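Listed in order, the protein sequences are those of chains A and B.
Position one of the first sequence corresponds to residue 0 (numbering that gives the first Met the number 0), numbered consecutively onward.
Position one of the second sequence corresponds to residue 0 (numbering that gives the first Met the number 0), numbered consecutively onward.
The structure appears right after this line, and notes come after that.
There are 2 protein chains.
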Amino acid sequence: MTAPLLVRACRRERVERTPVWFMRQAGRCLADYRELRERFGILDIARNPELSARVTAMPVDQLGVDAAVLYADIMLPLDGMGVPFRIEPEIGPIIERPVRTARDVDALRVVAAEEATPYLFESIRALRASLPPDVALIGFAGAPFTIASYLVEGRPSRDHARAKGMLAGEPALWDRLLGTLAEVISRYLVAQVKAGVDVIQLFDSWAGVLSPVDYERAVLPHSRRIFDAVASTGVPRIHFFTGNPELLRLAARNCEAVSVDWRIGLAEAWRRIGDARAIQGNLDPAICLAPFPVVAERTRAVLREAGRRRGHIFNLGHGVLPETDADTLRRITALVREETAA
Amino acid sequence: MTAPLLVRACRRERVERTPVWFMRQAGRCLADYRELRERFGILDIARNPELSARVTAMPVDQLGVDAAVLYADIMLPLDGMGVPFRIEPEIGPIIERPVRTARDVDALRVVAAEEATPYLFESIRALRASLPPDVALIGFAGAPFTIASYLVEGRPSRDHARAKGMLAGEPALWDRLLGTLAEVISRYLVAQVKAGVDVIQLFDSWAGVLSPVDYERAVLPHSRRIFDAVASTGVPRIHFFTGNPELLRLAARNCEAVSVDWRIGLAEAWRRIGDARAIQGNLDPAICLAPFPVVAERTRAVLREAGRRRGHIFNLGHGVLPETDADTLRRITALVREETAA
Numbered sequence: 000m001t002a003p004l005l006v007r008a009c010r011r012e013r014v015e016r017t018p019v020w021f022m023r024q025a026g027r028c029l030a031d032y033r034e035l036r037e038r039f040g041i042l043d044i045a046r047n048p049e050l051s052a053r054v055t056a057m058p059v060d061q062l063g064v065d066a067a068v069l070y071a072d073i074m075l076p077l078d079g080m081g082v083p084f085r086i087e088p089e090i091g092p093i094i095e096r097p098v099r100t101a102r103d104v105d106a107l108r109v110v111a112a113e114e115a116t117p118y119l120f121e122s123i124r125a126l127r128a129s130l131p132p133d134v135a136l137i138g139f140a141g142a143p144f145t146i147a148s149y150l151v152e153g154r155p156s157r158d159h160a161r162a163k164g165m166l167a168g169e170p171a172l173w174d175r176l177l178g179t180l181a182e183v184i185s186r187y188l189v190a191q192v193k194a195g196v197d198v199i200q201l202f203d204s205w206a207g208v209l210s211p212v213d214y215e216r217a218v219l220p221h222s223r224r225i226f227d228a229v230a231s232t233g234v235p236r237i238h239f240f241t242g243n244p245e246l247l248r249l250a251a252r253n254c255e256a257v258s259v260d261w262r263i264g265l266a267e268a269w270r271r272i273g274d275a276r277a278i279q280g281n282l283d284p285a286i287c288l289a290p291f292p293v294v295a296e297r298t299r300a301v302l303r304e305a306g307r308r309r310g311h312i313f314n315l316g317h318g319v320l321p322e323t324d325a326d327t328l329r330r331i332t333a334l335v336r337e338e339t340a341a
Numbered sequence: 000m001t002a003p004l005l006v007r008a009c010r011r012e013r014v015e016r017t018p019v020w021f022m023r024q025a026g027r028c029l030a031d032y033r034e035l036r037e038r039f040g041i042l043d044i045a046r047n048p049e050l051s052a053r054v055t056a057m058p059v060d061q062l063g064v065d066a067a068v069l070y071a072d073i074m075l076p077l078d079g080m081g082v083p084f085r086i087e088p089e090i091g092p093i094i095e096r097p098v099r100t101a102r103d104v105d106a107l108r109v110v111a112a113e114e115a116t117p118y119l120f121e122s123i124r125a126l127r128a129s130l131p132p133d134v135a136l137i138g139f140a141g142a143p144f145t146i147a148s149y150l151v152e153g154r155p156s157r158d159h160a161r162a163k164g165m166l167a168g169e170p171a172l173w174d175r176l177l178g179t180l181a182e183v184i185s186r187y188l189v190a191q192v193k194a195g196v197d198v199i200q201l202f203d204s205w206a207g208v209l210s211p212v213d214y215e216r217a218v219l220p221h222s223r224r225i226f227d228a229v230a231s232t233g234v235p236r237i238h239f240f241t242g243n244p245e246l247l248r249l250a251a252r253n254c255e256a257v258s259v260d261w262r263i264g265l266a267e268a269w270r271r272i273g274d275a276r277a278i279q280g281n282l283d284p285a286i287c288l289a290p291f292p293v294v295a296e297r298t299r300a301v302l303r304e305a306g307r308r309r310g311h312i313f314n315l316g317h318g319v320l321p322e323t324d325a326d327t328l329r330r331i332t333a334l335v336r337e338e339t340a341a
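Shown next as structure tokens:
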């Protein structure tokens, strides 16, 4: 049986057209999702296998995308670590008791993934059974740095000063914290693959606040450990980061595909990392709020930059903004299909 | 008479040691500033020549820095444009009636700078008369893109979606808005030089949210116009941006010095732009919250990267964080002096 289009593109096989999906496509801009959200919180949906599977599948039919990405939150693995958290509307994740001392780090629990987030694997099994076989199911997790930043800061931070303070000032404690997270996230992703996901993406949403030196020394070894753990499963691994193109060369190691934002052109990105990696991206999500002729022009510009190289996956450079019209995403998908069909 | 050390470093002359100053050094972490702030708002101080001169001079004695940077706000030129604004604590500038339509743009007034912000020039004249002659007085302004983003969004924005929407979707209107701002800011900076500043810095704090293509096409020509206007005065021009090192090569045009953040190493930055430009930076302000041995190690690392090249100006990569201990800045200044004295 042929693997899903997205999987083949990640492996840089010659494909019939460029695959398309959108980060945050499940939720946010979809009308029937918004209706659900009037009755349920984000975490209520994410922790309910039936609801999360339903939201995950919505964009496949509605937008025509080539992949379903799990409706989940990067904080879910904390459910097994003994770290209570909540999602505050307009703000983001709030950690009730931030993790700042050796005692806090030692108290973090590492349990079997199936025990920590059983609902997630139930949702994956149901989805893989019901999705069309050519549609890839993407599993994901937050990367150790991004999760650690939330744990240490206790909430979204502009400066990440406490997290950077621990990284620079208490390197042994920092390594223990990220090492624990790497173990938890490795288990979480390997269990997702066993349950049925076809591709995994590691989200290092905050990595761009770091210098290349700090990123390479204090962050990348922990993400690498996760990629190594997933390697044994054979599914393609996508590494997402945003905010600092200087990290690209480093972030592209140890994975099949790297997801880049609009801060660097795709041609330049490939020039930096060579042709051996697939690249996902990189339309600016803010552009999706413009009139469609502008969106179409920018979509074509991304495809021109990709230049029909093997291993291009069309996506935004970051998640869909909530104000986005779902119809715009539908039309982008159709345009990419039309423009790239062999 | 010898020009101030900072001026000579901007011109890449051989200097007796590396000059040091800190963005946001006037205010924030200084105890006597905080006392003032219990009685006065930020804009009350900025609009009062006596108070703003007093705050501007504080760090010269207290931190031992080689430059005084005007205590002012990048929104002050709006005082002459007929755009009411306020500074909301913990949030930032709020524009009461955002600028979004052709009518809004046409309504922006362009007046003589001395008429728009007379208090500022009075403060500069007093400062230049009272500061030691080897201490540079730095004037500054926000760049057209950064000011435009506030004007269009109406407040600080995470995604800059409205501003990017106008940039991409209404390019003629966008050019008119930025053209008007370029004219106002040119007048504002040239008048600062006439009143006595020795160096000017243009702050494009939000430029890093843009792609290199958008930056070059829709932003840089307007900033360039300002640099061209200031060129006739002969004072060194520093271009500040943060958040996307891919813009460095572009941002380094048309100025004597470019200010880079920690997202790129100084050696790599010079490799990109060549030796003909001075570079300012690039300690991460978050590091200043760590214990001093860590700060010292990182300060030395910045100096090692600079490698005693002509034209290095020691600074942070962005503004001093409010929680910073002033003593840390004092000790950084002393360390840089000690390490770089010829």
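Ideal placement from N, C-alpha and C gives every residue a C-beta, glycine not left out.
Bear in mind that the values here come from a model prediction, so they are computed numbers and not experimental data.
Counting only the Cα atoms, P92 (chain B) lies some 7 Å from P155 (chain B). Contact check between the stretch 48 to 61 of chain A and the stretch 268 to 277 of chain A: fewer than three CB pairs, one atom from each, fall below 8 Å, which does not count as touching.
A residue is called buried when at least 16 other Cβ atoms come within 10 angstroms of its Cβ; T241 (chain B) meets this threshold and is buried. With 16 or more other Cβ atoms from the protein chains shown falling within 10 Å of its own Cβ, R297 (chain A) counts as buried.
Contact annotation for P290 (chain B) against chain A: G168 [CB-CB distance below 7 Å, chain order]. D326 (chain A) and F202 (chain A) have their alpha carbons spaced roughly 26 Å apart. In the DSSP assignment, L315 (chain B) forms a beta bridge with B:L282. About 14 Å separates the beta carbon of G233 (chain A) from that of Q191 (chain A), a gap too long to meet the 8 Å contact definition. At a beta-carbon threshold of 7 Å, the residues of chain A lying near E245 (chain B) are P244, R262 and I263, ordered along the chain. Considering only A:L5, A:W20 and A:R11, the residue with the shortest C-alpha distance to A333 (chain A) is A:W20. Taking 8 Å as the cut-off, the beta carbon of A56 (chain A) is found closer than this to the beta carbon of A67 (chain A).
The residue from B:L219, B:P211, B:I184 and B:V218 with its alpha-carbon nearest to that of P244 (chain B) is B:P211. If you look at I331 (chain A), you'll find it isn't in any beta strand (DSSP E); it sits in the alpha helix (DSSP H) that goes A325 to T339. Boundaries of the beta strand (DSSP E) around P92 (chain A): G91 to I94. Taken atom to atom, the span from the alpha-carbon of A250 (chain B) to that of L265 (chain B) is near 15 Å.
Here T100 (chain A) is exposed: its Cβ has fewer than 16 other Cβ atoms, across all protein chains shown, within 10 Å.
With respect to the C-alpha of R27 (chain A), the residue from A:T323, A:G316, A:A340 and A:G81 having the closest C-alpha is A:T323. Less than 8 Å divides the Cβ of H221 (chain B) from the Cβ of A181 (chain B).
Q61 (chain B) and I146 (chain A) have their C-alpha atoms roughly 39 Å apart.
Scanning chain A for C-beta atoms nearer than 9 Å to the C-beta of H159 (chain B) yields A285, reported in chain order. For H317 (chain A), the closest alpha carbon among the candidates B:A160, B:S258 and B:C254 is that of B:A160. If one requires a minimum length of 4 residues, the alpha helix (DSSP H) runs lying completely within the stretch 72 to 121 of chain B are 101 to 105 and 112 to 115, in chain order. In this structure, V229 (chain B) places its C-beta atom within 8 Å of the C-beta atom of V189 (chain B).
Under the three-state reduction of DSSP, V64 (chain B) is assigned to coil, being neither helix nor strand. Nearest in C-alpha terms to G164 (chain B), of all of A:P290, A:P117, A:R33 and A:L35, is A:P290. Residue state for D203 (chain A) is assigned as strand, using DSSP reduced to three classes. Only those residues of the stretch 162 to 186 of chain B whose C-beta falls short of 8 Å from the nearest C-beta of chain A are listed: K163, G164, A167 and G168. Using a 10 angstroms sphere on the CB of V104 (chain B), the tally of other CB atoms reaches 16 or more, which defines it as buried.
Per DSSP, H159 (chain B) is not a residue of any beta strand (DSSP E), being assigned neither H nor E. In this model, A106 (chain B) and L136 (chain B) are separated by some 34 Å (Cα to Cα).
The beta-carbon of S210 (chain B) is placed less than 8 Å from the nearest beta-carbon of chain A.
Collapsing the DSSP output to three states places F240 (chain A) in a strand. A Cβ of chain B is located within less than 8 Å of the beta carbon of L320 (chain A). For G138 (chain A), the enclosing beta strand (DSSP E) covers residues A135 to G141.
If you ignore the 5 residues before and after T17 (chain A), its C-beta comes within less than 6 Å of the C-beta of H311, F313, V335 and T339, all in its own chain and listed in chain order.
Non-local C-beta neighbours of S122 (chain A) in its own chain, meaning closer than 6 Å and more than five positions away in sequence, comprise P48, S51 and A52, ordered along the chain.
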